[in-house]
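Student: Structure in structure tokens, see below.
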Amino acid sequence: MDKASEAILALEPVTFRYKHELDPDGIPQFGLVAEDVEKVNPDLVARDANGKAYTVRYEAVNAMLLNEFLKEHRKVQELEKQVEKLTAGLQKVSTEVEMSRPASRTVLNNQ
Numbered sequence: 002m003d004k005a006s007e008a009i010l011a012l013e014p015v016t017f018r019y020k021h022e023l024d025p026d027g028i029p030q031f032g033l034v035a036e037d038v039e040k041v042n043p044d045l046v047a048r049d050a051n052g053k054a055y056t057v058r059y060e061a062v063n064a065m066l067l068n069e070f071l072k073e074h075r076k077v078q079e080l081e082k083q084v085e086k087l088t089a090g091l092q093k094v095s096t097e098v099e100m101s102r103p104a105s106r107t108v109l110n111n112q
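Numbering (my numbering), first residue to last: 2 to 112.
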């Protein structure tokens, strides 16, 4: 799954309807076009007896998606830790700045 990110990002989901003889109701379907997927990664399609791409191997696409999701999830966790550290550091600096300010003085006008 070395280039899974590039492959996943290159895929373009589509909405389509099956031919009337396959689905008389014409219910909208969501998926990928096998010929387009083949251009991105030939291993992600199943082929007919003539070697022509006829369907997407969604189980492989799903595994790639899960892999990419887990990578992104780990990045988010690291970024959350970094934000916590930066927030704590900012709070410390803000407290130090507040403590280093001279106390306010009241000046009385003697008449």
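Glycine is no exception: its CB is placed at the ideal position from the N, C-alpha and C atoms. In this text, all values refer to a predicted model and were calculated from it rather than measured experimentally.
Just list the residues that DSSP pairs G52 with in beta bridges.
Tutor: Its beta-bridge partners do not exist; DSSP assigns none.
Student: Look up A47 in the DSSP assignment and say whether it is helix, strand or coil.
Tutor: Strand, per DSSP.
Student: Can you give me the Cβ contacts of H21 inside the same chain, cut-off strictly under 6 Å, excluding the 5 residues immediately before and after it?
Tutor: Hits under 6 Å: none found.
Student: Please classify M100 as buried or exposed, where buried requires at least 16 neighbouring CB atoms within 10 angstroms.
Tutor: With fewer than 16 Cβ atoms within 10 Å of its Cβ, M100 is classed as exposed.
Student: Taking DSSP's pairing of strands, which residues face F70 in a bridge?
Tutor: None; F70 has no bridge partner.
Student: For V108, which three-state DSSP category applies?
Tutor: If DSSP states are grouped into helix, strand and coil, V108 belongs with coil.
Student: Going by DSSP, what residue range makes up the alpha helix (DSSP H) through V15?
Tutor: Not the alpha helix (DSSP H): V15 falls in the beta strand (DSSP E), residues 15 to 17.
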